[in-house]
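Residue numbers (full-length UniProt numbering): 1 to 501. By construction, the Cβ of each residue, glycine as well, lies at the ideal position given by its N, Cα and C atoms.
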Ligand SMILES: Cc1cc2nc3c(=O)[nH]c(=O)nc-3n(C[C@H](O)[C@H](O)[C@H](O)COP(=O)(O)OP(=O)(O)OC[C@H]3O[C@@H](n4cnc5c(N)ncnc54)[C@H](O)[C@@H]3O)c2cc1C
Ligand code: FES
Ligand code: FES
């Protein structure tokens with residue numbers, strides 16, 4: 001297959017693209033080059049969901065049914081979709097023989113649309129859910145699951161209740177499903193074994209297929225941008241108007257997407273999607289389920305990677321406090337060899353990491369779960385869904401005979417980097433886990449951080465919030481009468497009432 005031609009299955013039709021700036025977004029191409037204007041541009045930064053489309057790709061074992069998942073077309077570079085299928089809202093009627101698809105009909109029947117601007121995006125998120133539920137053999141979804149699937153879609157006029165009702169109603173009509181066998185055959189025909197490597201007006205996009213090839217490229221082009229899911233980088237281009245000349249895409253390196261058991265714990269390849277990485281993390285540590293739910297939205301989690309979150313190294317990146325609390329290590333690789341660091345040591349200063357110009361983040365490794373460990377990670381933001389943290393905390397300690405061992409506490413949003421609260425940990429180590437230990441730890445926390453005032457939160461709020469989260473951790477994990485999550489969780493009453501967020 002021509003290594004300079006991008007091939008995509010667009011709404012069932014194979015399309016070849018050769019003349020393209022490497023940072024062209026899927027959204028710009030759909031609307032500009034293909035006239036598919038059902039996919040809307042709202043925010044152009046992954047927040048509103050108006051541009052939601054569904055991507056289809058071969059499973060890791062191509063004999064299995066292909067995967068389908070929603071993404072934001074506005075922050076997805078088209079070139080990363082080489083060999084994949086893209087389904088737009090225009091395609092849905094063809095699945096229903098020209099009539100409205102059950103998802104669309106339910107949106108009409110439940111009055112799920114007013115001005116209609118958000119409607120294609122909601123419809124595609126619902127369609128991804130519809131296909132997923134059917135693939136799981138469960139032709140239904142409860143309101144909580146529907147709300148979760150729609151966490152990345154905003155509507156300014158209808159209100160969400162009718163849309164959630166449409167999400168329930170769409171399963172009532174006779175099912176209209178995508179033929180995944182046909183999709184698989186079409187994707188196999190697009191599959192390439194060589195490296196996509198194309199240039200355009202001084203720009204270059206390369207998608208190596210092995211770790212060795214990736215490391216060799218990184219070594220030859222240390223100034224190039226490593227591109228994983230693009231959910232940070234897409235904003236550099238769309239909002240920061242940055243010109244990126246050479247992009248090296250990590251997403252086609254199968255070994256980098258792998259998530260495997262490792263020394264009793266877990267090794268998560270840097271290019272594993274946030275969806276896949278959180279699924280594995282939550283299987284091992286069910287306490288992280290709420291953090292997963294609050295990390296971005298399904299389309300962002302489907303595209304973004306855990307390696308990208310860790311490598312980007314934002315002080316308000318949400319995975320790091322929990323990973324540091326768990327004792328995660330980051331594996332760095334280059335043509336010179338490999339090294340591994342405690343994750344907290346990877347962050348040197350604001351957006352500065354212990355990463356040489358020729359190195360990549362290869363994996364994140366987690367130690368085995370400790371049976372006596374108590375673990376929590378919570379994020380505080382102004383909105384429940386898809387918002388940026390003011391403070392994010394990761395707490396872990398082992399309780400042996402009521403005493404605290406190996407406390408590991410890390411915060412995001414409290415310093416220039418995600419950081420451990422070492423004075424707080426020292427105040428806790430070896431003590432019984434009681435009110436006195438909590439008070440000593442809260443006092444020590446004052447010395448651990450000098451947080452910033454910014455538009456998200458004042459320094460005073462951050463301090464009080466961090467101390468409050470520590471108290472919540474105590475209430476849920478103290479040996480004497482620990483509280484259940486529902487007793488400390490502000491959203492619990494709404495959940496019980498089945499209300500919105
Ligand atoms: C709407 C929206 C909501 C978001 N919500 C959240 C949120 O709730 N919490 C949160 O923490 N983040 C959030 N983000 C940020 C983003 O989704 C995450 O940081 C994500 O994990 C980035 O992964 P990526 O694969 O998209 O990285 P990319 O954008 O591809 O890359 C990010 C950075 O990491 C570098 N990089 C990527 N892979 C490697 C590697 N293997 N080795 C070395 N460097 C590498 C890139 O060069 C770049 O500097 C949000 C983003 C959007 C658009
Ligand atoms: S246009 Fe808003 S998420 Fe893409
Ligand atoms: S119907 Fe107008 S924004 Fe949702």
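Straight-line Cα distance separating residue 100 from residue 123: 11 Å
Same chain only: Cβ atoms within 7 Å of residue 209, ignoring 5 sequence neighbours per side: Excluding five sequence positions before and after residue 209, the CB atoms of its chain that fall closer than 7 Å to its own CB belong to 195, 252, 253, given in chain order.
Per-residue DSSP class, three states only, for residue 138: Note: residue 138 maps to coil in three-state DSSP.
Backbone CA spacing between residue 403 and residue 469 [nearest angstrom]: 20 Å
For ligand 3, residues whose Cβ lies under 7 Å from any non-hydrogen atom: 113, 114, 115, 116, 117, 118, 119, 155, 156, 157, 158
Residue 182 - containing alpha helix (DSSP H), residue span: 180–190
Local Cβ density within 10 Å of residue 351, reported as buried at 16 or more and exposed below that: exposed
Heavy atom of ligand 1 within 7 Å of residue 41 beta-carbon: no
Per-residue burial, residue 319 [other beta carbons within 10 Å of its own, 16 or more giving buried]: buried
Residue 317: CB within 7 Å of a non-hydrogen atom of ligand 1: Indeed, a heavy atom of ligand 1 lies less than 7 Å from the Cβ.
Three or more C-beta pairs below 8 Å linking the region 81–92 and the region 161–173: no
Buried versus exposed call for residue 175 [16 or more other C-beta atoms within 10 Å across all chains shown]: exposed
Beta-carbon contacts of residue 170 that lie in its chain and below 7 Å, excluding the five residues immediately before and after: 102, 103, 106, 126, 130
Residue 312 CB to nearest heavy atom of ligand 1 below 7 Å: yes
Three-state class that DSSP yields for residue 5 in the structure shown: Residue 5 sits in coil when the DSSP states are folded into three classes, being neither helix nor strand.
Residue 340 - DSSP class collapsed to helix/strand/coil: strand
Status (buried if at least 16 other CB within 10 Å, exposed otherwise) for residue 3: exposed
Proximity of residue 225 and residue 273 at Cβ, strictly below 8 Å: no
Terminal residues of the alpha helix (DSSP H) in which residue 278 lies: 274–284
Closer than 7 Å: residue 32 CB and nearest ligand 5 heavy atom: This structure lacks ligand 5; the ligands present are ligand 1, ligand 2 and ligand 3.
Residues sharing a beta bridge with residue 69, DSSP: DSSP lists 55 as partners of residue 69.
Counted within 10 angstroms of its Cβ, other Cβ atoms place residue 443 as buried (16 or more) or exposed: exposed
Inter-residue CB distance, residue 18 and residue 73 (contact presumed, cutoff 8 Å): Wrong, their Cβ atoms sit about 20 Å apart, outside the cutoff.
Spatial distance of residue 248 from residue 218 (CA atoms): Near 8 Å, if we compare the C-alpha coordinates of residue 218 and residue 248.
Cβ pair residue 234, residue 8 closer than 8 Å: no
Classification of residue 154 by the beta-carbon crowding that lies within 10 angstroms, buried from 16 upward: buried
Of the listed residues 357, 487, 62, nearest to residue 216 (C-alpha basis): 357
Per DSSP, cross-strand counterpart(s) of residue 261: In the DSSP output, where bridge partners are listed per residue, residue 261 has 266.
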